[in-house]
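Q: This is the structure, below, for whatever I ask next.
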Amino acid sequence: MEVVTMIYFVSVISLSVSILFAFLFGLFFNNSKSSTTTAADPLPPGKMGWPLVGESLHFLWAGWKGHPEKFVLDRMAKYSSSVFRTHLVGEKAAVFGGASGNKFLFSNENKLVRVWFPSGIDRIFPSSTRSSSEEEGIKLRRMLHNFLKTEALRRYIGKMDHMAQLHFAEGWENKTEVVVLPLAKDYTFQLACRLFASVEDPQQVDRLSKPFNLLASSLFAIPIDLPGTPFNKGIKASKIVRQELVSIIKQRKIDLADGKASPTQDILSHMLLTSDENGKFMQEFDIADKILGLLIGGRDSASVACTFIVKYLAELPHIYDGVYNEQMDILKSKAPGDSLNWEDLQKMKYSWNVACEVMRLATPVTGTFREAIADFSYKGYSIPKGFKLYWSATATHKNPEIFPEPEKFDPSRFQGAGPAPYTFVPFGGGPRMCPGLEYARFEILVFMHHLVKRFKFEKVIPNDGKFVVDPMPIPAKGLPIRLFPHQN
């Protein structure tokens, strides 16, 4: 879930934007060992599809139908299980398959490949450095790694627990029915605001969230910048969010100077006080841009995971019982009023196995793009410089050769050593492992704890299992559920 960085998340979001733009207007957005490509190396097998749009509509249609892996698995079976050629987002592309493909792309970041997403997104994120500067990307990942590593995050568990209590008290308790997806987004957004920028005031969070929702919606709108269009509204929303973030940054600089804020309290303080090797500090607008990207990554992918956890717990009573019993054992071992701590989360082994199985079946980030920055060969095929490369998490997660009976919900897949390396990749893998993995694990487990200790629940629409991928998997109706509070 290279979920926390904007680069990773926005690359997937912008896919449908680019496809619709190319289809409607015929425009393009961008006119395991490797070896140097030779004339003897053929291009990967495959087909380019229709003029301009290529196979983009087939690709999107599979996601809209709730089976994003079908596009990749069908072509892997037809052409090659390693890599096949296609045409997506107005670009010549190669799709890498299997664990070996995942490993190759993750391991060759900024060597043979780099993160890529269509350039239209720059109109919403105008100051983003993204893949045009590998050094900036490496610096940002290093900064996130230091701040989001387990040791640093432990001190936030109590705060997460407190915020989860407030969230459930305000959004869930004393209600007979709720719609899960918007509530889950509220939960993850509030946590992200607190962790990244220490924004806790409800009014300030609300000022960020209202235009933020509009901004998020615009990321997969047709990119026509005319008054009243969703894309135009998104550009305006981006400016509003940035202005709010810049005001927060200015106030933080004052508070740091007056000793009212700590240099280590959050990522915002860290960005303000950390210089590069030349002694240069980031500008306020650049910091706002990065915080905005982190809020996007911290909000949507985790909220999707939490939503589908509720879905599967509602559908599978024996899975719910296993999670409930584990959480009650932890609750009984604590004094009344005690907050969750690091030791408690370490005991939630079954609950995390359930969460992992949910993310295997409903992967928040279904795949992302890279770009070849040099000619190279892979599995005997030539990959020319400039080719766009796509890796699919769902194609691995739903592969019956890797996960037998892939549609069966089975948390035991993650017991012991768990799946083989590079087969379960909701958070990426290897050098490209998401630096926010532990943060995501903590917030998901805290959510599960407070959910099951309060309620049993059932789906309001029992037979409605439909979900769409646009570009993340979401229940078609937001997952309305009926709540049954525990009497004790």
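Reading the sequence shown from the start, the letters are residues 7 to 494 in our numbering.
Ideal Cβ positions, reconstructed from N, Cα and C, are used throughout, including at glycine.
Any contact of the stretch 377-391 with the stretch 475-494, i.e. 3+ C-beta pairs under 8 Å?
A: Taking 8 Å as the limit for Cβ pairs, the verdict is that the stretch 475-494 does not touch the stretch 377-391.
Q: List the residues that DSSP assigns as beta-bridge partners of residue 491.
A: On the sequence shown, position 485 is the one that residue 491 refers to. DSSP lists 461 as partners of residue 491.
Q: Strictly under 9 Å for the Cβ-Cβ distance: is residue 262 near chain D by that measure?
A: Protein chain content of the structure displayed is limited to a single chain, and chain D is not contained in it.
Q: Out of 446, 458 and 430, point me to the one whose CA is closest to residue 107's CA.
A: Sequence index remark: in the sequence shown, residue 107 carries index 101 (1-based). The shortest Cα separation from residue 107 among 446, 458 and 430 belongs to 430.
Q: So, helix, strand or coil for residue 29, using DSSP?
A: Taking the sequence shown and counting its residues from 1, one reaches residue 29 at position 23. Here residue 29 scores only 40 on pLDDT, less than 50, and its place in the model is too uncertain to base an answer on.
Q: Would you check if the distance between the CB atom of residue 403 and the CB atom of residue 367 is smaller than 9 Å?
A: Walking along the sequence shown from the start, residue 403 turns up at place 397. Walking along the sequence shown from the start, residue 367 turns up at place 361. Yes, they are a contact pair.
Q: Does DSSP classify residue 388 as helix, strand or coil?
A: Along the sequence shown, one-based indexing puts residue 388 at 382. Of the three classes helix, strand and coil, the one that applies to residue 388 here is strand, per DSSP.
Q: State the DSSP-derived secondary structure class of residue 379, mapped to helix, strand or coil.
A: Taking the first residue of the sequence shown as position 1, residue 379 is located at position 373. In the structure shown, residue 379 sits in coil (DSSP, three-state: anything other than H, G, I, E or B).
Q: Given a cut-off of 9 Å on the beta-carbon distance, is the pair residue 317 and residue 485 in contact?
A: Translated into the one-based positions of the sequence shown, residue 317 becomes position 311. Translated into the one-based positions of the sequence shown, residue 485 becomes position 479. Going by C-beta atoms, residue 317 is nearer than 9 Å to residue 485.
Q: Spatial neighbours of residue 140 within its chain, please: C-beta separation below 6 Å, excluding the five flanking residues on both sides.
A: Counted from its first residue, the sequence shown places residue 140 at position 134. Because the pLDDT of residue 140 is 47, which lies under 50, any placement of that residue in the model is unreliable, and the number read from its coordinates should be weighed accordingly. 116, listed in sequence order.
Q: Based on Cα-Cα distance, which residue from 306, 166 and 458 lies nearest to residue 319?
A: Position 313 of the sequence shown holds residue 319. Closest option to residue 319, Cα to Cα, is 458.
Q: Nearest CA to the CA of residue 434: which residue from 487, 409, 474 and 374?
A: Here residue 434 corresponds to residue number 428 of the sequence shown, with the count starting at 1. Out of 487, 409, 474 and 374, 374 has the C-alpha closest to the C-alpha of residue 434.
Q: Under three-state DSSP, which class holds residue 93?
A: On the sequence shown, residue 93 is found 87 positions in, with the first residue counted as 1. The answer is strand: DSSP assigns residue 93 an E or B state.
Q: Taking only the alpha-carbon atoms, compute the straight-line gap between residue 64 and residue 153 and give it to the nearest angstrom.
A: Reading the sequence shown from its first residue, position 58 is the one you call residue 64. Reading the sequence shown from its first residue, position 147 is the one you call residue 153. Each residue's alpha carbon lies about 40 Å from the other.
Q: Would residue 287 be called buried (16 or more neighbouring beta carbons within 10 Å of its own) or exposed?
A: Position 281 of the sequence shown holds residue 287. So residue 287 ends up on the exposed side.
Q: Which value, in whole angstroms, describes the spacing of the CA atoms of residue 177 and residue 57?
A: The count along the sequence shown starts at 1 and reaches residue 177 at position 171. The count along the sequence shown starts at 1 and reaches residue 57 at position 51. Distance between the alpha carbons of residue 177 and residue 57: 49 Å.
Q: Report yes or no: do three or more beta-carbon pairs, one from the stretch 449-456 and one from the stretch 306-314, lie closer than 8 Å?
A: Judged by Cβ distances under 8 Å, the stretch 449-456 makes contact with the stretch 306-314, as three or more pairs qualify.
Q: Taking 9 Å as the cut-off, decide whether the C-beta atoms of residue 252 and residue 294 are in contact.
A: In the sequence shown, residue 252 corresponds to position 246, counting from 1. In the sequence shown, residue 294 corresponds to position 288, counting from 1. Yes, they are a contact pair.
Q: Between the C-alpha atoms of residue 465 and residue 71, what's the straight-line distance to the nearest angstrom?
A: Counted from its first residue, the sequence shown places residue 465 at position 459. Counted from its first residue, the sequence shown places residue 71 at position 65. Cα-Cα distance, rounded: 21 Å.
Q: Leaving aside the five residues before and after residue 201 along the sequence, list all residues of the same chain whose C-beta is less than 8 Å from its C-beta, in chain order.
A: Position 195 of the sequence shown, counted from the start, is the residue given in the question as residue 201. 162, 272, 273, 304 and 445.
Q: Just the Cα atoms here: how many angstroms apart are residue 100 and residue 82?
A: The sequence position of residue 100 within the sequence shown is 94, counting from 1. The sequence position of residue 82 within the sequence shown is 76, counting from 1. So the two alpha carbons sit approximately 11 Å from each other.
Q: From the DSSP output, in three-state form, read off residue 3 for me.
A: Absent from the structure is residue 3, since the part of the chain shown begins at 7 and ends at 494.
Q: For residue 179, count neighbouring Cβ atoms within 10 angstroms of its own Cβ and tell me buried if that reaches 16, exposed if not.
A: Residue numbering aside, residue 179 sits at position 173 when the sequence shown is read from its first letter. Under this definition residue 179 is an exposed residue.
Q: Roughly how far, in whole angstroms, is the beta-carbon of residue 281 from the beta-carbon of residue 258, given that I think they are within contact range, below 8 Å?
A: Taking the sequence shown and counting its residues from 1, one reaches residue 281 at position 275. Taking the sequence shown and counting its residues from 1, one reaches residue 258 at position 252. About 16 Å; that fails the 8 Å criterion.
Q: Under 9 Å between the Cβ atoms of residue 248 and residue 298?
A: Locating residue 248 in the sequence shown gives position 242, counting from the first residue. Locating residue 298 in the sequence shown gives position 292, counting from the first residue. Against a cut-off of 9 Å, the Cβ pair of residue 298 and residue 248 comes out as a contact.
Q: Taking 7 Å as the limit between beta carbons, can you name the residues of its chain near residue 60, skipping five residues before and five after?
A: Mapped onto the sequence shown, residue 60 falls at position 54. 54, 92, 93 and 94.
Q: Run through DSSP, which three-state label would residue 67 get?
A: Position 61 of the sequence shown, counting from 1, holds the residue named residue 67. Residue 67: helix per DSSP, three-state reduction.
Q: Report the three-state DSSP secondary structure of residue 201 (helix, strand or coil).
A: Indexing the sequence shown from 1 puts residue 201 at position 195. Three-state result, residue 201: helix.
Q: Quick check on the DSSP output: what are the complete alpha helix (DSSP H) runs of length 4 or more inside the stretch 399-483, in order along the chain?
A: For the stretch 399-483, whole alpha helix (DSSP H) runs of length 4 or above, ordered along the chain, are 399-403 and 443-460.
Q: Under the three-state reduction of DSSP, which class applies to residue 357: helix, strand or coil?
A: Residue mapping note: residue 357 aligns to position 351 of the sequence shown, counting from 1. Looking at residue 357 - three-state DSSP - the assignment turns out to be helix.
Q: Measuring straight from C-alpha to C-alpha, what distance separates residue 377 and residue 119?
A: Along the sequence shown, one-based indexing puts residue 377 at 371. Along the sequence shown, one-based indexing puts residue 119 at 113. If I take the Cα positions, the gap works out to 5 Å.
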